[in-house]
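There are 2 protein chains.
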Amino acid sequence: MAQLILALDVMEKRSAIAIATACIPCIDAIKVGYPLVLSSGLGIADDLGQLDLPLIADFKVADIPNTNRLIAEQVFSSGYDAIICHGFPGRDSAMACIETAHEYGGECYVVAEMSHPGGTEFFHDGIPEEITRLAIDCDADGVIAPATRPERVAYLKNLAGDRKVYSPGIGAQGGEIEKVAAIADGIIIGRSIYESADPAAAARQYDWIRR
Amino acid sequence: MAQLILALDVMEKRSAIAIATACIPCIDAIKVGYPLVLSSGLGIADDLGQLDLPLIADFKVADIPNTNRLIAEQVFSSGYDAIICHGFPGRDSAMACIETAHEYGGECYVVAEMSHPGGTEFFHDGIPEEITRLAIDCDADGVIAPATRPERVAYLKNLAGDRKVYSPGIGAQGGEIEKVAAIADGIIIGRSIYESADPAAAARQYDWIRR
C-alpha cells in the first residue's frame, strides 16, 4: 500500500485548484513546485490548504545553509506541510531545511536520486546511498527515489529503514508503477493525471496502490 | 578587473529596491534569489529592471528537464537577463536551462562548486571539473566557483577558458577578495553590502576590484 501524491505542475492557478479539487477522493497529498508557485505565489497554499490534504513544497532546495533556511521559513510560514530539498549541497544545507521544517512542525524529504535520464550522471557510485545516510543522520522524514529505476527504490528503501520513500517518475517519465507501488511509501504522479482530459478519472485508475 | 555583483538576498521588496538603487554607481549586476522572489514575486524584475543593470535569477535550478524548462521560461519572460542552475542533476537538466536562456537572448551560469563548508561534501574528486566541462559542452555562459576556496576559482577559471567565472562567498562566508578578484570575472557580494547600515558606502569599498 502506497500513498498517491499528485504533482501539480500546472502553471495556471485556477486550473491547479480545479484539478486538485477534482482529485481529492483519490489522492493523499498534493505536491507543488516552482512552476506553479512562481506564477501564482506561495499563497497558492491558502487555496490548496482548503482541500485538507498535506501540501508538499517540492522546491528541490539546493543553496547554501543561510539561503536554504530563508526559503524554508517562507514555505512553512505560508502554510505548507513539507518541503523537498537536495542532499547534494551537503549536510549543512540539508540540515537548514530539516531543522526549519521541524521548528514549524513540518516535514522534510531529501532527494537521494533523481528520476530523469541525466539523474545518474552525478548520482552514482554510492552517492545516493551517502545522501540517504545523511538524510537519516540529520533526522529527515524521508527520501526521494526514482520510480524510473525500481531496483534503486527497493535498495534505497531498505537503507532508509523507517523513513518514508517517495517516488516520482511514473507515467510521462516511464516508470513502472506495479514494481514501485509495492516498495515505496508514496508514488508521485503528475502529467499522467493533470494532463488528462479527466484528471479525477486518471487519478482513480491508481486507486489500487492505496489499498 | 572583476565585476561587482550584488546578491540582493533581502526579503522585503521596498528595502531591496532601496538598497539596489543606492548601490547603482558601484555595482555591475544584481542577483536575486528565492528569498526575495518568494516574498515579492517574479515581478520584482519590473522594479529592479528600471535600474538598468543586468538582473540574474539565482535559483540554483536543480530539477528534471521538464520542470527546469518551465522555471526558466517564467524567469526570462519576466524580464531577467540570466539564470543560475545546478549541474549535478545532469546534462539534460542543465541543457533545459541553457537552451531556454538562449532562446530568450539571456545567459545561463552553472554552479560548478559551492562556497559553504558542506559544499565540498559531494562536490569533490573531479566533480566540479566534470560539471565545468559539461557547462562548456552545453554552451553555458559561465560557471559559479567558490570565493571561499580561491585556489579552486583559479583552477576552474583555467578550465572554463573564455566562459565567465562568477564567485560568491566573500565577506560573511569568509572568502578573501584580494585573491579572487584577480581571477574571477565577477565577485558576488551579499550580506557585507545589504546588511551594512550604509549599503552604498559598503559597495564603494569594493570599487577597486572593478578598475
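Quick mapping for you: the protein sequence lines, in order, are chains A and B.
My numbering puts the first residue of the first sequence at 1, with every later residue one more than the last.
My numbering puts the first residue of the second sequence at 1001, with every later residue one more than the last.
Beta carbons: idealized from backbone N, C-alpha and C, even for Gly.
Taking just the CA atoms, how far does Ala147 of chain A sit from Gly174 of chain A? If you take the alpha carbons of Gly174 of chain A and Ala147 of chain A, they lie about 8 Å apart.
Quick one: which unbroken alpha helix (DSSP H) runs of 4-plus residues sit fully inside the region 121-150 of chain A? Chain order, please. Fully enclosed alpha helix (DSSP H) runs of 4 or longer: 127-137.
Arg1152 of chain B, buried or exposed, once every other Cβ within 10 Å from all chains shown has been counted against 16: Buried.
Top-ranked residue by Cα proximity to Gly79 of chain A, from A:Cys97, A:Lys60, A:Gly43: Among A:Cys97, A:Lys60, A:Gly43, the Cα nearest to that of Gly79 of chain A belongs to A:Gly43.
Is it right to say Gln74 of chain A is buried, meaning 16 or more other beta carbons lie within 10 angstroms of its own, or is it exposed? Its Cβ being crowded by 16 or more others within 10 Å, Gln74 of chain A is buried.
Can you check DSSP and say which residues form a bridge with Ala1057 of chain B? When beta bridges are read from the DSSP output, Ala1057 of chain B appears opposite B:Val1032, B:Ile1083.
Could you tell me the distance, in whole angstroms, from the CA atom of Ser1167 of chain B to the CA atom of Gly1090 of chain B? One C-alpha to the other measures close to 21 Å.
Run the CB neighbour count on Ser77 of chain A, radius 10 Å, all protein chains shown included, and call it buried at 16 or more, exposed below. That one is exposed.
Assign Gly1190 of chain B to buried or exposed, taking buried as 16 or more other Cβ atoms, counted over all protein chains shown, within 10 Å of its Cβ. Gly1190 of chain B comes out buried.
Excluding sequence positions up to five away, which residues of its chain have a Cβ less than 8 Å from the Cβ of Cys23 of chain A? Here the set comprises Leu6, Ile193, Pro199, Ala200, Ala203.
For Val1020 of chain B, which residues in the same chain have their Cβ closer than 7 Å to its Cβ, ignoring the five residues on either side in sequence? Val is not the amino acid found at residue 1020 of chain B; the sequence shown has Ala there. The residues are Leu1006, Leu1008, Ile1030, Leu1048, Leu1051.
Please state if the CB of Ile209 of chain A and the CB of Gly172 of chain A are separated by a distance shorter than 8 Å. In the sequence as presented, Gly is not what sits at residue 172 of chain A; that position holds Ala. Against a cut-off of 8 Å, the Cβ pair of Ile209 of chain A and Ala172 of chain A comes out as no contact.
Can you find a CB in chain A that lies within less than 8 Å of the CB of Met1001 of chain B? Answer no: the Cβ-Cβ gap between Met1001 of chain B and chain A never drops below 8 Å.
Along the beta strand (DSSP E) that carries Ser1167 of chain B, what are the first and last residues, could you check? Counting along the chain, the beta strand (DSSP E) containing Ser1167 of chain B begins and ends at 1164-1168.
What whole-angstrom Cβ distance do Phe1059 of chain B and Ile1083 of chain B have, given they're in contact under 8 Å? In this structure, Phe1059 of chain B and Ile1083 of chain B form a Cβ contact; the two beta carbons are roughly 6 Å apart against a cut-off of 8 Å.
Using DSSP with H/G/I as helix, E/B as strand and the rest coil, what is Tyr104 of chain A? Here Tyr104 of chain A sits in coil by DSSP.
Between the beta-carbon of Asp185 of chain A and the beta-carbon of Ala2 of chain A, is there less than 8 Å? Their beta carbons are under 8 Å apart, which means Asp185 of chain A touches Ala2 of chain A by this criterion.
How would you call Ala57 of chain A, buried or exposed, if buried means at least 16 neighbouring beta carbons within 10 angstroms? With 16 or more other Cβ atoms within 10 Å, it is buried.
Chain B residues whose Cβ lies nearer than 7 Å to that of Phe122 of chain A: Going along chain B in sequence order, the residues near Phe122 of chain A (Cβ under 7 Å) are Phe1088, Gly1090, Ile1127.
Is there at least one Cβ from chain A nearer than 8 Å to Ala1020 of chain B's Cβ? With a threshold of 8 Å between beta carbons, Ala1020 of chain B makes no contact with chain A.
If you measure beta-carbon to beta-carbon, which residues of the region 36-64 of chain A are closer than 7 Å to chain B? Those residues of the region 36-64 of chain A that come within reach of chain B (Cβ to Cβ, closer than 7 Å) are Leu38, Ser39, Gly41, Leu42, Lys60, Ala62, Asp63, Ile64.
What in chain A is Cβ-close to Ser1115 of chain B, meaning under 9 Å? Taking a Cβ-Cβ threshold of 9 Å, the residues of chain A close to Ser1115 of chain B are Ile64, in chain order.
Do Leu159 of chain A and Glu113 of chain A count as a contact pair if the criterion is CB distance below 8 Å? Going by beta carbons, Glu113 of chain A and Leu159 of chain A fall outside the 8 Å limit.
When Cβ atoms are compared, which residues of the region 1006-1032 of chain B fall closer than 8 Å to chain A? Within the region 1006-1032 of chain B, the qualifying residues are Asp1009, Met1011.
Going by alpha carbons, who is nearest to Asp1162 of chain B out of B:Ile1136, B:Gly1169, B:Ile1170, B:Ile1144? The candidate whose alpha carbon is nearest that of Asp1162 of chain B is B:Ile1136.
8 Å Cβ cutoff, Tyr104 of chain A in contact with chain B: Not closer than 8 Å to any Cβ of chain B, the Cβ of Tyr104 of chain A fails to qualify, so no.
Would you mind reading off the limits of the alpha helix (DSSP H) that contains Gly1186 of chain B? Counted as a single uninterrupted DSSP element, the stretch harbouring Gly1186 of chain B is not any alpha helix (DSSP H) but the beta strand (DSSP E) occupying residues 1186-1189.
Please identify the residue among B:Asp1141, B:Leu1004, B:Tyr1034, B:Leu1070 whose C-alpha is closest to the C-alpha of Leu36 of chain A. Residue nearest to Leu36 of chain A within the set B:Asp1141, B:Leu1004, B:Tyr1034, B:Leu1070 is B:Leu1070 (criterion: CA-CA distance).
Compile a chain-ordered list of the residues in the region 1177-1199 of chain B whose CB is closer than 7 Å to at least one CB of chain A. Those would be none; no residue qualifies.
Residues of chain A with CB under 8 Å from Leu1156 of chain B, in chain order? Within chain A, no C-beta atom comes less than 8 Å from the C-beta of Leu1156 of chain B; the nearest is roughly 16 Å away.
Counting only Cβ pairs nearer than 9 Å, list the residues of chain C close to Gln74 of chain A. Here chain C cannot be found, since the structure's protein chains are A and B.
In three-state terms, what does DSSP make of Tyr206 of chain A? Three-state DSSP puts Tyr206 of chain A in coil, outside helix and strand.
Pick from A:Asp28, A:Leu4, A:Leu38 that is closest to Glu12 of chain A, judged by C-alpha positions: A:Leu38 is the residue among A:Asp28, A:Leu4, A:Leu38 whose C-alpha sits nearest the C-alpha of Glu12 of chain A.
In DSSP terms, what Val1075 of chain B is bridged to: Paired residues: none, contrary to the question.
Applying the 10 Å Cβ sphere with the 16-neighbour rule, what's the burial state of Gly105 of chain A? Flag for Gly105 of chain A reads exposed.
Distance, Cα to Cα, Gly126 of chain A vs Ser1040 of chain B? Distance between the alpha carbons of Gly126 of chain A and Ser1040 of chain B: 40 Å.
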